[in-house]
Amino acid sequence: MKKIDVCPTPELLHLYRLTGKIVVVVDIFRATSCMTTAFAHGVAKIIPVAQLDECRALQKQGLIAAAERDARKAEGFDLDNSPFSYMNPELIGQTIAVTTTNGTLAITKSIEADQVLIGSFLNKKTIVDYLHFMPNDVLIVCAGWKGKINLEDMLFAGAVVCSLKNDFFVEDDSALSALMIYEAAKFNMIKFIANSSHVRRLHGLGLIRDIEFCLREDVYDVLPVLENGILVKMKTVK
Ligand code: MLT
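Below is the structure:
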């Protein structure tokens with residue numbers, strides 16, 4: 009039976025074998041929600057980089073560059089990290105360099121996996137259907153916040169475990185914990201995470217509509233996948 013596991017923060021990734029697995033990186037607020045939205049609205053490629061200077065170097069080569077630190081747009085870059093910024097028709101067909109506080113670091117730390125996918129509530133069904141179809145064990149890597157666990161990423165991980173638990177062996181307690189968080193929250197997720205650290209941080213910046221949008225389920229049928237360090241939309245999902 010295939011196995012599914014959850015890595016609650018990239019700080020614990022050294023405890024997990026990535027080879028042979030499909031990794032789903034999740035950063036609900038807001039990196040992977042932005043990336044999913046970007047591909048759904050026609051962005052062609054996203055280059056995720058962990059450091060600001062890497063992103064700046066790509067910008068100097070002529071790429072559009074998005075950079076966020078502490079939930080704010082970093083000085084001197086073109087785009088912030090709100091999904092609404094990626095609904096711009098001017099971005100159709102473009103390649104965008106992206107660095108965020110946690111999400112892009114989680115992606116770059118997962119490259120040993122057989123496949124790295126980008127997951128969010130916005131494309132949850134597409135992710136689940138694909139994982140169900142593929143033969144690989146699965147590891148959901150939560151981006152967290154600066155090495156610490158956050159609630160929303162564990163909530164998404166639990167939603168995926170809940171959808172797959174009849175066909176995957178739920179290997180350890182982090183996956184079981186994520187499942188229990190989702191079971192407790194599923195009827196009113198926004199209320200459940202109202203006091204979480206990142207919701208409070210985003211609220212403090214007036215980004216309420218980002219919070220609400222990033223929790224919407226199955227809005228987009230897109231499957232972003234990492235190919236040679238570049239995120240693209242998977243063409244034939246099945
Ligand atoms: C992250 O990288 O943790 C998020 O994308 C931060 C944010 O944009 O709120």
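If you count the sequence shown from 1, you need to add 8 to reach our numbering. Think of the CB as a built atom: it goes at the ideal place given N, C-alpha and C, for glycine as much as any other residue.
### Task
Pull up the distance between the alpha-carbon of Phe-195 and that of Asp-137, whole angstroms please.
22 Å
### Task
For Arg-224, collect the residues of the same chain with a Cβ closer than 7 Å to its Cβ; drop the 5 residues on either side in sequence, then sort them by chain order.
Phe-129, Leu-130
### Query
Under the rule that 16 or more other beta-carbon atoms within 10 Å means buried, what is Phe-47, buried or exposed?
Counting every other CB atom within 10 Å of its CB across the protein chains shown gives Phe-47 a total of 16 or more, marking it as buried.
### Task
Give me the Cα-Cα distance between Gly-212 and Gly-111, rounded to the nearest whole angstrom.
20 Å
### Query
Is any heavy atom in ligand 1 found nearer than 7 Å to the beta carbon of Phe-37?
yes
### Query
Applying the criterion that 16 or more other CB atoms from any shown protein chain within 10 Å of the CB defines a buried residue, is Met-197 buried or exposed?
buried
### Message
For His-22, count the other beta carbons within 10 Å of its own beta carbon; 16 or more makes it buried, fewer makes it exposed. Which is it?
### Response
exposed
### Query
So is the beta-carbon of Asn-96 under 7 Å away from any non-hydrogen atom of ligand 1?
Not so, every heavy atom of ligand 1 lies at least 7 Å from the Cβ.
### Message
Just verifying my parser: in three-state terms, what is the DSSP assignment at Glu-191?
### Response
helix
### Task
Pick out whichever of Ala-65, Leu-99, Gly-127 has its Cα sitting closest to the Cα of Met-242.
Gly-127
### Close Cβ partners of Asn-158 (< 6 Å) along its chain, the five nearest in sequence each way excluded
Gly-152, His-206
#### Entry: Residue from Gly-84, Gln-69, Asp-88, Gly-101 with nearest C-alpha to Asp-78
Asp-88
### Message
Does the beta-carbon of Leu-60, which I'm using as the reference point, lie nearer than 7 Å to any heavy atom of ligand 2?
### Response
Annotation note on ligand 2: not contained in the displayed structure, which lists ligand 1 as its ligands.
### Query
Nearest-angstrom Cα distance between Arg-38 and Ala-121?
23 Å
### Query
Which residue from Val-51, Pro-56, Ile-119 puts its Cα closest to that of Val-96?
The sequence given here has Asn at residue 96, not Val. For Asn-96, the nearest C-alpha among the options comes from Val-51.
### Task
Give a yes or no on contact between the region 173 to 183 and the region 14 to 21, applying the rule of three or more CB pairs nearer than 8 Å.
yes
### Query
Is it true that the CB of Val-33 sits closer than 8 Å to the CB of Ile-115?
yes
### Task
Helix, strand or coil for Ala-167, going by three-state DSSP, please let me know.
helix
### Query
Closer than 7 Å: is that where the CB of Gly-111 sits relative to any heavy atom of ligand 1?
yes
### Query
Is the beta carbon of Leu-210 within less than 7 Å of some heavy atom of ligand 1?
yes
### Query
Based on Cα-Cα distance, which residue from His-140, Asp-229, Ala-105 lies nearest to Cys-63?
Ala-105
### Query
Among Cys-170, Met-162, Ile-30, Leu-239, which one has its Cα closest to the Cα of Phe-200?
Met-162
### Query
Between Gln-102 and the rest of its own chain, which residues show a CB-CB distance below 7 Å, the 5 nearest in sequence each way excluded?
Val-51, Ala-52, Ile-72
### Inter-residue spacing [alpha-carbon to alpha-carbon] between Lys-10 and Tyr-94
35 Å
### Task
Within the same chain, show all residues whose beta-carbon is closer than 7 Å to that of Ile-36, passing over the 5 residues directly before and after it, in chain order.
Ser-128, Phe-129, Glu-160, Asp-161, Phe-164, Cys-222
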